[in-house]
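Input: a single structure, listed below in structure tokens.
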Amino acid sequence: MGALRADTKIQFLKGIGTRRAEAFARLGVFTAQDLLWHLPHRYIDASQVTPLAKARVGDEVACVGQVVDTGIQPTRRGLKIFRAVLRDASGLLECAWPGQPFLERSIRPGQTLLVAGTVRFYHGRQLSPREFIVLAEGNGEDAETGPVIGTVLPVYPATEGLSHKQIRGLIQRHLDELIALQVDAMPEALRSELALPGVQQALRAVHQPGSLLEAEAGRRRLAFDELFDLQLMLVRARTLAKRQRAGVSFEIRRDLTTKLKEGLPFTLTHDQVRAVREITGDMTAPERMHRLLMGDVGTGKTVVALFAMLLAVENDYQAALMAPTELLAEQHVATLQALLRPLGIAPDLLIGRLTASEKSATRRRLSEGRSRVVVGTHALMQESVSFRRLGLVVIDEQHRFGVEQRAALIGKGTTPDVLLLSATPIPRSLALTMYGDLDMSVLRERPPGRGDVRTDIRAGRRRQSVVALLRERCGRGEQAYVVLPVIEESERVDLRAATTMAETLRAELTELTIGLVHGRLKAEERDTIMRRFRAGEIDVLVATTVIEVGIDVANATIMVIHHPERFGLAQLHQLRGRIGRGGDDSVCVLMVDGTVPPRLESFARTTDGFRIAELDLAERGMGDLIGARQSGGFVLRHAKLPEDAELLERARQEARGLIEKDPGLTAARHQGLRERAVRRYPRAAELFRVG
Ligand code: ADP
Ligand code: MG
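Note that this note's numbering gives residue 666 to position 600 of the sequence shown, counting from 1, and the numbers run on in steps of one.
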């Protein structure tokens, strides 16, 4: 074998043959470089090993001992517990793994084991290890690994046929030569300013840390690089998107926009005023607008969007608003009709359920330019639809549309301005990674004069008190949602529970009309029921989570949520946003069986969507959120949010500064950075194409 190179196939490394290379392939490790970047996903702190006899009940300990006995013990409830007794110079300690009888195959007498976990009292002291590592087999087979005591042990993602112990051994063995392959692309000045270690030092720290602190310092450096590359790409994408315009700038003619402001039945909130100013700034600039307006349900995004639409219209352009469902589109058109009537503008509606002749009439009005404001669904982006002069596209609940769908509508104008709306508040750190290529306006403040939402937590057995609440308030003409969770794994059981709930309520509340919607209904059936609810023909709507975001039934003031512990906090927040839309005081009741989890208590105490999004992020972690909310999102391997929010801000600043100076990263000294970004994010290849 010649000298080791970054792209050397892994099977040519000592200790790795074809068989192990196959196992490594399952972990996405193909080359020497990949092996170096196969990082531990956790550590066991064995730097402080407690002698077995000194492990006290309640302590969190790491111990090392030789296995002297093992066995499987059945419990009365049919659970099988695997037990192993460890011995060291100080004495004995029993370890127990409930429900893991299969460990019999990996833990055997004679082995030296490292275990970490909490000591409990169970017929004596007993450790139930969260972690264990076989340090030595005890028969000489593994002598080279030896006990690695007094260090922090990295634990690697492993696979069948390749244990994390083997991976650790191989990485340790090759670490020096692998690290030597690594070049640091970060300018020295920046590195010292941020007090981050060099990349070689960082990689050594994560693979071979002397302490957990050292490992963390290494991880932070790798996290910064990852965030920085992502920001380079997003900042670049943003610059390119904004530039793509022939140079149409709208002018403030104060014609329609001023009339709208004067005719509004309310004053705009500060946040709305700021958002309108930001949008106006974008639209009057020669670059194209590419902005996200983010605000909780009820913060008044529609009227802000309407300002933008009128600015386009008073410049003799057309404006289109696209919503993900017919119900939402109908609701928007009703809102716009009311606000636009004094201005003599009648918005058009284009949705699938109109008759063919209605649709073709609207299409004609659009292509001839007689229709100036149009609201619609996916129907808007169909091929048969064309505009005379489309100047602004507004997309409500933007995440419900794919990138191509948004592009299909945007493509109907010549580089129209784009305003995306989102009712899902997310913390800034997350926004910077998900939407870093957009400019952002945020509505945090709620308009005054709206009803408060009080959140009550009640014990599940007090269901009768909820029935009484429904009887009283719905008897007065208010309306209620009763929500039950449906999750895929138990969908049939869950649906049955929702059906049973509706039947029970029908029997208990004979004077009220009870409706039921769930995900298994056809879209039209669901819409029909929702329309009846909106029209007040249904008093209590039993629903699984299919209640549309953005549905505005001002008269609905009660929300009862069963099994709230099965929902994410952000999801609960979206649900609660269905009420409190009118002036009446609304109440949200969480029915909880058993002890109340602290997360639900926090939820009950605040209605700030951004605050809840932060809690949700801390609870679920970043990858999960991005995966769930945004296809085509980015997986962060090293960075952790919100913990690394500060690093992210710095990465953003630095990336902006760099792109400003060298937009395409074409300077020779930036070549390393460009290559690294492209290696990490395939999309960067397009954005930083050379030449
Ligand atoms: P969002 O789309 O952000 O959920 P909407 O735009 O539907 O919210 O607005 C919710 C309601 O609040 C609408 O009835 C709207 O007329 C009203 N509204 C908007 N802005 C204000 C304001 N500044 N003061 C009072 N009411 C407002
Ligand atoms: Mg809305």
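Ideal Cβ positions, reconstructed from N, Cα and C, are used throughout, including at glycine.
DSSP bridge partner residues for GLN545 (one or two, in chain order): If you number the sequence shown from 1, residue 545 lands on position 479. GLN545 is bridged by DSSP to ALA622.
Helix, strand or coil at LYS80 [DSSP, three-state]: For this step, residue 80 is matched to residue 14 along the sequence shown. Looking at LYS80 - three-state DSSP - the assignment turns out to be coil, as it is neither helix nor strand.
Rounded distance between the beta-carbons of GLY643 and VAL363, thought under 8 Å: The sequence position of residue 363 within the sequence shown is 297, counting from 1. The sequence position of residue 643 within the sequence shown is 577, counting from 1. With a Cβ gap of about 4 Å, VAL363 and GLY643 count as contacting.
Same chain only: Cβ atoms within 7 Å of GLU715, ignoring 5 sequence neighbours per side: Taking the first residue of the sequence shown as position 1, residue 715 is located at position 649. Setting aside the 5 residues that flank it on each side, GLU715 has no residue in the same chain whose C-beta is closer than 7 Å to its C-beta.
Neighbourhood of ASP659 by C-beta distance below 6 Å, restricted to the same chain and skipping five residues each side: Position 593 of the sequence shown, counted from the start, is the residue given in the question as residue 659. Shown here for ASP659: same chain residues with a beta carbon closer than 6 Å to its own, the five before and five after excluded, namely GLY526 in chain order.
Residue span of the beta strand (DSSP E) that contains SER194, given as start and end: Looking up residue 194 in the sequence shown gives position 128. Residues 191–202.
Given 8 Å, three or more beta-carbon pairs between the segment 135–142 and the segment 95–108: No contact exists between the segment 135–142 and the segment 95–108.
THR428 (DSSP reduced to helix, strand or coil): On the sequence shown, residue 428 is found 362 positions in, with the first residue counted as 1. Here THR428 sits in helix by DSSP.
Range of the contiguous beta strand (DSSP E) that encloses GLY157: Taking the sequence shown and counting its residues from 1, one reaches residue 157 at position 91. The continuous beta strand (DSSP E) containing GLY157 extends over residues 157–164.
Where PHE669 sits in the DSSP three-state scheme: Along the sequence shown, read from residue 1 onward, the residue named residue 669 stands at position 603. If DSSP states are grouped into helix, strand and coil, PHE669 belongs with the helices.
PRO514 Cβ short of 8 Å to ligand 1 heavy atom set: On the sequence shown, residue 514 is found 448 positions in, with the first residue counted as 1. Correct: PRO514 has its Cβ closer than 8 Å to ligand 1.
LEU739 versus ARG285 - alpha carbon distance: Taking the first residue of the sequence shown as 1, we reach residue 739 at position 673. Taking the first residue of the sequence shown as 1, we reach residue 285 at position 219. Rounded to the nearest whole angstrom, the CA to CA distance from LEU739 to ARG285 is 19 Å.
Euclidean distance between Cα positions of ILE199 and SER113: Reading the sequence shown from its first residue, position 133 is the one you call residue 199. Reading the sequence shown from its first residue, position 47 is the one you call residue 113. Each residue's alpha carbon lies about 14 Å from the other.
Between the CA atoms of ARG309 and GLY418 - distance to the nearest angstrom: As a working note, residue 418 is residue 352 in the sequence shown. As a working note, residue 309 is residue 243 in the sequence shown. Rounded to the nearest angstrom, the two C-alpha atoms are 35 Å apart.
Check whether VAL115 and CYS129 have beta carbons under 9 Å apart: As a working mapping, residue 115 is identified with position 49 in the sequence shown. As a working mapping, residue 129 is identified with position 63 in the sequence shown. Against a cut-off of 9 Å, the Cβ pair of CYS129 and VAL115 comes out as a contact.
heavy atom of ligand 1 below 8 Å from ASP362 C-beta: Counting from one through the sequence shown, the residue named residue 362 turns up at place 296. At least one heavy atom of ligand 1 is nearer than 8 Å to the Cβ of ASP362, so yes.
Contact check, LEU486 vs VAL439, beta carbons under 9 Å: Counting from 1 along the sequence shown, the entry for residue 486 is found at position 420. Counting from 1 along the sequence shown, the entry for residue 439 is found at position 373. Contact: no.
Residues near ARG520 in its chain [Cβ-Cβ closer than 6 Å; skip 5 each side]: If you number the sequence shown from 1, residue 520 lands on position 454. Cβ within range, chain order: VAL653.
Whole-angstrom distance between PHE599 and ASN621, CA atom to CA atom: For the purposes of this step, residue 621 is identified with residue 555 of the sequence shown, where counting begins at 1. For the purposes of this step, residue 599 is identified with residue 533 of the sequence shown, where counting begins at 1. Distance between the alpha carbons of ASN621 and PHE599 is about 10 Å.
Inter-residue spacing [alpha-carbon to alpha-carbon] between ARG671 and ALA546: Within the sequence shown, numbered from 1, the residue matching residue 671 stands at position 605. Within the sequence shown, numbered from 1, the residue matching residue 546 stands at position 480. Looking at the two C-alpha atoms, the distance is approximately 21 Å.
Ligand 1 heavy atom lying under 8 Å from the CB of ARG489: To locate residue 489, count along the sequence shown from 1; it is residue 423. Rather than Arg, the amino acid found at residue 489 in this sequence is Ala. Ligand 1 approaches ALA489 closely enough that one of its heavy atoms is under 8 Å from the residue's Cβ.
Reduced DSSP secondary structure (H/G/I, E/B, other) of GLN274: Stepping through the sequence shown from its first residue, residue 274 is reached at position 208. It is coil, neither helix nor strand.
PRO175 vs PHE148 beta-carbon contact at 9 Å: The residue you call residue 175 lines up with position 109 of the sequence shown. The residue you call residue 148 lines up with position 82 of the sequence shown. No. Outside cutoff.
Nearest-angstrom beta carbon gap, ASP462 and LEU416 [assumed within contact, 8 Å]: As a position in the sequence shown, residue 416 is number 350, starting the count at 1. As a position in the sequence shown, residue 462 is number 396, starting the count at 1. A Cβ-Cβ distance of about 14 Å is found for the pair LEU416 and ASP462, leaving them out of contact under the 8 Å criterion.
Contact test: ASP618 Cβ vs ligand 1 heavy atom, cutoff 8 Å: Here residue 618 is taken as the residue at index 552 of the sequence shown, counted from 1. Correct: ASP618 has its Cβ closer than 8 Å to ligand 1.
Buried or exposed (CB count within 10 angstroms, at least 16 for buried), LEU330: Stepping through the sequence shown from its first residue, residue 330 is reached at position 264. Counting Cβ neighbours within 10 Å, LEU330 comes out exposed, since fewer than 16 surround it.
Ligand 1 heavy atom lying under 8 Å from the CB of VAL369: Here residue 369 is taken as the residue at index 303 of the sequence shown, counted from 1. Yes, since a heavy atom of ligand 1 falls inside the 8 Å radius drawn around the Cβ of VAL369.
Helix, strand or coil at GLN266 [DSSP, three-state]: One-based indexing of the sequence shown puts residue 266 at position 200. The three-state reading of DSSP puts GLN266 in helix, counting H, G and I together.
Host beta strand (DSSP E) of ILE580 (start-end): The residue labelled residue 580 in the question sits at position 514 within the sequence shown. Unbroken beta strand (DSSP E) run through ILE580: 580–583.
Reference GLN471; option with closest CA among HIS444, VAL459, GLN637: One-based indexing of the sequence shown puts residue 471 at position 405. Nearest C-alpha to GLN471: HIS444.
PHE78 CB to nearest heavy atom of ligand 1 below 8 Å: Position 12 of the sequence shown, counted from the first residue, corresponds to residue 78. Relative to ligand 1, the beta carbon of PHE78 is positioned no closer than 8 Å to any heavy atom.
Cβ pair LEU228, LEU393 closer than 9 Å: What you label residue 228 is simply residue 162 of the sequence shown in a count that begins at 1. What you label residue 393 is simply residue 327 of the sequence shown in a count that begins at 1. It is not a contact, given that the beta carbons lie outside the stated cut-off.
Cβ shell of ASP728 (< 8 Å), same chain only, five flanking positions each side left out: Your numbering for residue 728 matches position 662 in the sequence shown. So the qualifying residues of the chain are HIS736.
The alpha helix (DSSP H) enclosing HIS230, as first and last residue numbers: As a first step, residue 230 must be located in the sequence shown, where it is residue number 164. Counting along the chain, the alpha helix (DSSP H) containing HIS230 begins and ends at 230–246.
Same chain only: Cβ atoms within 8 Å of THR610, ignoring 5 sequence neighbours per side: Taking the sequence shown and counting its residues from 1, one reaches residue 610 at position 544. For THR610, same chain residues with a beta-carbon under 8 Å away, outside a window of 5 residues either side, are VAL549, LEU550, PRO551, VAL552, ASP560, LEU561, ALA564, VAL583, HIS584, GLY585 in chain order.
TYR747 versus LYS75 - alpha carbon distance: For the purposes of this step, residue 747 is taken as the residue at position 681 of the sequence shown. For the purposes of this step, residue 75 is taken as the residue at position 9 of the sequence shown. C-alpha separation (whole angstroms): 22 Å.
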